[in-house]
Amino acid sequence: MPQALILVGGQGTRLGPLTAALPKPMLNIGGRPFIERLIEEVARHGIDDIILLCGYLAERIAKAFDGTRIRGAHISCVTEPAPLGTGGALRQAAERLDDRFLLLKIKGARINFQCQAVKRIKMDMSGIDAECERILPAWPSESNPA
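Residue numbering for the sequence shown is 180 to 325, as defined by the numbering used here.
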């Protein structure tokens, strides 16, 4: 199955003090980190290699998930030493990327494909074939439809 990369490096500044000492993906939703729930959902769809692209407070995410397995999926972390956005995170992970991968970003309570970022990176890096089809919410609802 394809490889999935999940961008988890942002500071979550809109959440104010909630993310002062804890990265946004590690915030608890129903007693578990949001990122754990997202990983489970991605793995449930047959993806068995998940790379977390970390930045802000990366050690907190790596300590919890690097080298673990969730629903059969191997989880690993790549840390971006300085915040350079989506392109920087992908460049940091370049050596570990499969020919085809799924790029996901946490945005509020949903995830989305970063189509434009992938297309820009494709233009910058020779030999990469990028395509993007659609944005999907992690948990569809009336206010967040699929």
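Quick reminder that beta carbons are idealized off the backbone N, C-alpha and C, glycines included.
Query raised in the report: Do Phe280 and Leu184 come within 7 Å of each other at the CB atom, strictly closer than that value?
Result: Counting from 1 along the sequence shown, the entry for residue 184 is found at position 5. Counting from 1 along the sequence shown, the entry for residue 280 is found at position 101. A contact, by the Cβ cut-off of 7 Å.
Report task. Run through the stretch 242-266 for me and flag every whole beta strand (DSSP E) of 3 or more residues, listed as ranges in chain order. Result -> 252-258
Report task. Output yes or no for whether 7 Å exceeds the beta carbon distance between Gly234 and Gly188. Result -> Counting from one through the sequence shown, the residue named residue 234 turns up at place 55. Counting from one through the sequence shown, the residue named residue 188 turns up at place 9. Yes, the Cβ-Cβ distance between Gly234 and Gly188 is below 7 Å.
Report task. Tell me Gln182's beta-bridge partners as DSSP assigns them. Result -> Counted from its first residue, the sequence shown places residue 182 at position 3. According to DSSP, Gln182 bridges with Phe280.
Query raised in the report: From what residue to what residue does the beta strand (DSSP E) around Leu134 run?
Result: Here the chain covers residues 180 to 325 and nothing more, so residue 134 does not appear.
Query raised in the report: Shortest alpha-carbon distance to Leu326 belongs to which of Gly264, Asp228, Arg223, Pro202?
Result: The structure shown does not extend to residue 326, since the chain is modelled only from 180 to 325, so the question has no answer here.
Report task. Have a look at Ile208 and Thr192 and give me their C-alpha separation to the nearest angstrom. Result -> As a position in the sequence shown, residue 208 is number 29, starting the count at 1. As a position in the sequence shown, residue 192 is number 13, starting the count at 1. For Ile208 and Thr192, the distance between alpha carbons rounds to 18 Å.
**Report entry** Top-ranked residue by Cα proximity to Arg216, from Cys256, Gly225, Met205
**Finding:** In the sequence shown, the residue the question calls residue 216 occupies position 37. Answer by Cα proximity: Met205.
Query raised in the report: Between the beta-carbon of Ala261 and the beta-carbon of Ile230, is there less than 7 Å?
Result: Residue mapping note: residue 261 aligns to position 82 of the sequence shown, counting from 1. Residue mapping note: residue 230 aligns to position 51 of the sequence shown, counting from 1. Taking 7 Å as the Cβ cut-off, Ala261 and Ile230 do not qualify as a contacting pair.
Query - Neighbourhood of Pro212 by C-beta, 8 Å cutoff - its chain only, sequence neighbours within 5 removed - result: In the sequence shown, residue 212 corresponds to position 33, counting from 1. Only Pro204, Met205, Leu206, Ala243 meet the Cβ criterion.
Query raised in the report: Among the residues of its own chain, which have a CB less than 7 Å from the CB of Gly251, if the five just before and after it don't count?
Result: Position 72 of the sequence shown, counted from the first residue, corresponds to residue 251. Counting only residues of its own chain and dropping the five nearest sequence neighbours on each side, Gly251 has a CB closer than 7 Å to the CB of Ala222, Asp227.
Requested in this report: Please look up how many angstroms separate the CB atoms of Leu283 and Leu186, rounded, as I've assumed it's under 8 Å.
Outcome: Here residue 283 corresponds to residue number 104 of the sequence shown, with the count starting at 1. Here residue 186 corresponds to residue number 7 of the sequence shown, with the count starting at 1. So it is a contact: roughly 7 Å between Cβ atoms.
Requested in this report: Take Glu219 and list the residues in its own chain whose beta-carbon comes closer than 8 Å to its own, dropping the five residues that flank it on each side.
Outcome: As a position in the sequence shown, residue 219 is number 40, starting the count at 1. Ile249, Arg250, listed in sequence order.
Query raised in the report: Which term fits Pro328, buried or exposed, when burial requires 16 or more other beta carbons within 10 angstroms of its beta carbon?
Result: Given a span of 180 to 325 for the chain in the structure shown, any question on residue 328 remains unanswerable.
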